[in-house]
Amino acid sequence: MQDTILAIAGKPGLYRLVSQGRGMLIVETVSPDKKRLPAGARDRVTSLNDVSMYTNEDDKPLMEIFQAISEKEGGKTTSIDYKKASKAELAEFMAAVLPDYDRDRVHDSDIKKLIQWYNILVNGGYTQFVEKEEQTEA
């Protein structure tokens with residue numbers, strides 16, 4: 012699952028990789044409408060598997076953080092509204108999910124994007140973010 016979920020700079024939401032063509036990707040929105048569109052060579056496409064978050068020790072992969080949020084929220088969307096949350100509420104939420112996150116390098120906008128992406132994935136039917144064997148190792 013991790014390799015096929017993509018973020019495209021300048022386009023809202025998350026996308027699932029459908030196929031690859033010459034110099035372009037065919038992606039589908041994770042939202043219920045499943046709209047397909049091409050992502051060209053000029054689009055900055057990032058796999059969520061390649062994204063990590065700063066901690067006080069090593070960087071933590073985004074999928075592991077999504078799994079921690081899923082366990083905290085019981086597999087449902089987050090109880091916090093990222094659009095209306097205060098700085099303190101965002102920091103408290105992040106500390107509950109990832110206690111050793113780097114408070115200097117992880118900004119409020121990063122936490123909001125994390126919550127937004129998690130909610131998009133859960134609404135799109137994704138509930139398992141880390142493979143079972145990876146979970147037991149961690």
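For the sequence shown, my numbering gives the first residue as 12, with consecutive numbering after it. Even glycine gets a Cβ: it sits at the ideal position worked out from N, Cα and C.
Bounding residues of the alpha helix (DSSP H) (the contiguous stretch that carries residue i)
i: L73; result: 73-84
i: E100; result: 98-108
i: S90; result: First-last for S90: undefined, no H or E at that position.
i: V133; result: 119-134
Residues of its chain near residue i, where Cβ-Cβ distance is below 8 Å and the 5 sequence neighbours each way are ignored
i: R55; result: I19, A20, G21
i: L17; result: L25, Y26, R27, L28, L36, V38, A50, V56, T57, S58, L59
Sequence-distant residues of its chain with Cβ nearer than 7 Å to residue i (five each side left out)
i: D113; result: Y65, T66, N67
i: L128; result: For the record, residue 128 in the displayed sequence is Trp; it is not Leu. Counting only Cβ-Cβ distances below 7 Å, and skipping sequence neighbours, we find L25.
Nonlocal neighbours in the same chain, by C-beta distance under 6 Å from residue i, ignoring five residues either side
i: A123; result: This sequence places Lys at residue 123; Ala is not what is there. Correct list, in chain order: Y93.
Cross-strand partners of residue i (DSSP beta bridge)
i: A50; result: L36
i: Q31; result: L36
i: Y112; result: T66
For residue j and residue i, the rounded distance between their alpha carbons
i: S81; j: R27; result: 20 Å
i: Q78; j: S42; result: 19 Å
i: A107; j: S97; result: 15 Å
i: N60; j: K83; result: 21 Å
i: I76; j: A50; result: 27 Å
i: G85; j: R116; result: 28 Å
Interface flag, residue i vs chain B, CB-CB below 8 Å
i: G85; result: Looking for chain B here will not work: only one protein chain is present.
Exposure of residue i, with buried meaning 16 or more beta-carbon neighbours within 10 Å
i: K87; result: exposed
i: K45; result: exposed
i: L36; result: buried
i: K95; result: exposed
Boundaries (first-last residue) of the beta strand (DSSP E) holding residue i
i: S58; result: 56-58
i: A18; result: 16-19
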